[in-house]
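Here the structure comes first, spelled out in structure tokens, and everything after it is commentary.
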Amino acid sequence: MKTNLKKLLKYIQQEHKLIAPIKKDHGVFLSQTKDLNKIILSSQLTENSFKDFLFPQEQELFDFKGAELVKPKQYTAPGLALFGISIIDLRALSLYAQVFRHDPYFQARGNNTIVIGYLKVATPDQTFGIFKERLEEDTLEHLEFDVFVLDSNTGLHFFSGSPKGQKALTQAGIEDFENVEYVGPVKESGLDQTMVANYKKVKNSFKTHRKLWEELGKRCLACGKCSLVCPTCFCFSTHYKFGQKKKTGKKVLNWDTCFYSEFSRVAGGHKFLDTVAKRIFFWYEHKFVRIPDELSIPGCVGCGRCIKVCPVAIDISRVLAELGKPVSKLASRKTLKKKKS
Numbered sequence: 341m342k343t344n345l346k347k348l349l350k351y352i353q354q355e356h357k358l359i360a361p362i363k364k365d366h367g368v369f370l371s372q373t374k375d376l377n378k379i380i381l382s383s384q385l386t387e388n389s390f391k392d393f394l395f396p397q398e399q400e401l402f403d404f405k406g407a408e409l410v411k412p413k414q415y416t417a418p419g420l421a422l423f424g425i426s427i428i429d430l431r432a433l434s435l436y437a438q439v440f441r442h443d444p445y446f447q448a449r450g451n452n453t454i455v456i457g458y459l460k461v462a463t464p465d466q467t468f469g470i471f472k473e474r475l476e477e478d479t480l481e482h483l484e485f486d487v488f489v490l491d492s493n494t495g496l497h498f499f500s501g502s503p504k505g506q507k508a509l510t511q512a513g514i515e516d517f518e519n520v521e522y523v524g525p526v527k528e529s530g531l532d533q534t535m536v537a538n539y540k541k542v543k544n545s546f547k548t549h550r551k552l553w554e555e556l557g558k559r560c561l562a563c564g565k566c567s568l569v570c571p572t573c574f575c576f577s578t579h580y581k582f583g584q585k586k587k588t589g590k591k592v593l594n595w596d597t598c599f600y601s602e603f604s605r606v607a608g609g610h611k612f613l614d615t616v617a618k619r620i621f622f623w624y625e626h627k628f629v630r631i632p633d634e635l636s637i638p639g640c641v642g643c644g645r646c647i648k649v650c651p652v653a654i655d656i657s658r659v660l661a662e663l664g665k666p667v668s669k670l671a672s673r674k675t676l677k678k679k680k681s
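According to the working numbering, the sequence shown is numbered sequentially starting from 341.
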């Protein structure tokens, strides 16, 4: 590990639990570590994402005792430092920042966390010069982060994206860094054209390509693994946990998924998503239609984690490709599976 990066991480470790890419039996995972030598410095996407830490699988919202006024549970956990976050996951994190802008629990965690993006490249100096300009002007200024580290054959290049990041770099003794001002998630050139194209493919497709969705519904197991690993999925449910003493307990938030049968059940027992075909379309529609409508940014960052974990090999990129074809030219169910590597 290069000297300045080690200085930065050692400084941050003084007040934060360090979460970084660590090699485990089944791949590279974001995990807590105190040993900097165990950190994997590569552009390999981790199996999990920041979601495990900033939007944990279970959160206590508040406690209650009888009919007393419910008081919000204060978030007092130690600070976190998320290191090695890829540009892909930073895009997902920027989406979360929009969705949970007014959520006190997410904001409390975010305020107590320092996010350090990392990208490793190996290109000639001339190409790198062009890439660096595009990285800063076209990418970083549209992402929310504290520090970004670009690791190339010309050395380490540090960027700060917040006052928190500037302070960390300065206190760590790193003076050579560039400040990047966040200008919002939408680029000056306008809406993401891939997002626009996918929006058109998905929007009315449950009517125009109904057969395709029905075929996917027959193969999909509705296990929800895709949504659980997805860095842009944030569905949740809440329930009460009662204590041993009478009329005491807590309200808890847990991850949920729209693939589960009970997710859309309402009073009276009606289910809006009463078939797997409807549920899988609902998932696609949320990412490619409703999020773009609401936030003007893609609801899918293209990480491919859903493809990797799907037990029946449904490939989101191939589904989108099929939705772009006339109904008469749709492929069979077999061709919608991911290609064997």
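Even for Gly, the Cβ is constructed at its ideal location relative to N, Cα and C.
Under the DSSP assignment, residue 458 falls in the beta strand (DSSP E) whose first and last residues are 453-460.
Sequence-distant Cβ neighbours of residue 575 in its own chain, meaning closer than 8 angstroms and more than five residues away, are 567, 595, 596, 597, 598 and 603. Here the C-alpha atom of residue 405 lies approximately 54 angstroms from the C-alpha atom of residue 529. With a cutoff of 9 angstroms on beta-carbon distance, residue 461 and residue 488 are scored as not near each other. CA-CA distance, residue 346 to residue 514, rounds to 11 angstroms.
From the listed residues 492, 592, 504 and 523, the smallest Cα separation to residue 352 is found for 504. Inter-segment contact for the stretch 577-596 and the stretch 537-555 is absent: fewer than three beta-carbon pairs are separated by less than 8 angstroms. If you look at residue 344, you'll find it in the alpha helix (DSSP H) that goes 343-353. Contact check between the stretch 431-448 and the stretch 632-641: three or more CB pairs, one atom from each, fall below 8 angstroms, which counts as touching. Residue 457 holds the alpha-carbon nearest to the alpha-carbon of residue 496 among 522, 511, 533 and 457.
The closest CA to that of residue 572, considering only 357, 646 and 661, is found on 646.
Taking a C-beta distance under 9 angstroms as the contact criterion, residue 486 and residue 498 do not qualify as a contact pair. Buried is the label assigned to residue 490, since at least 16 other Cβ atoms lie within 10 Å of its Cβ. In this structure, residue 644 sits away from residue 370, with a CB-CB distance that is not shorter than 9 angstroms. No Cβ-Cβ contact shorter than 9 angstroms links residue 357 with residue 435. Inter-residue distance for residue 378 and residue 483 is about 27 angstroms (C-alpha atoms, whole angstroms). The beta carbon of residue 389 sits closer than 6 angstroms to the beta carbons of 429 and 571 from its chain, once the five residues preceding and following it are set aside; these are given in chain order. Annotation: the continuous beta strand (DSSP E) that includes residue 398 extends over 398-405.
In the structure shown, residue 555 adopts helical secondary structure according to DSSP, grouped into three states. Comparing alpha-carbon positions, the option among 546, 480 and 617 lying closest to residue 426 turns out to be 480. The Cβ atoms of residue 364 and residue 512 do not sit closer than 9 angstroms to each other.
Residue 657: member of the alpha helix (DSSP H) spanning 656-663, first to last residue.
Straight-line spacing of the CA atoms in residue 400 and residue 590 works out to 7 angstroms. Take the alpha-carbon of residue 548 and the one of residue 448: they are about 44 angstroms apart. With 16 or more other Cβ atoms from the protein chains shown falling within 10 Å of its own Cβ, residue 620 counts as buried. For residue 397, the CB contacts under 6 angstroms within the same chain, skipping 5 residues up- and downstream, are 595 in chain order. Distance between residue 478 and residue 348, taken at the CA atoms: about 26 angstroms. Taking a contact as a CB-CB distance under 8 angstroms, the pair residue 654 and residue 556 counts as one, their CB atoms being some 7 angstroms apart. For residue 543, the CB contacts under 7 angstroms within the same chain, skipping 5 residues up- and downstream, are 629 in chain order. A direct Cα-Cα distance of roughly 41 angstroms separates residue 545 from residue 381.
A residue is called buried once 16 or more other Cβ atoms fall within 10 Å of its Cβ, and residue 500 is buried on that count.
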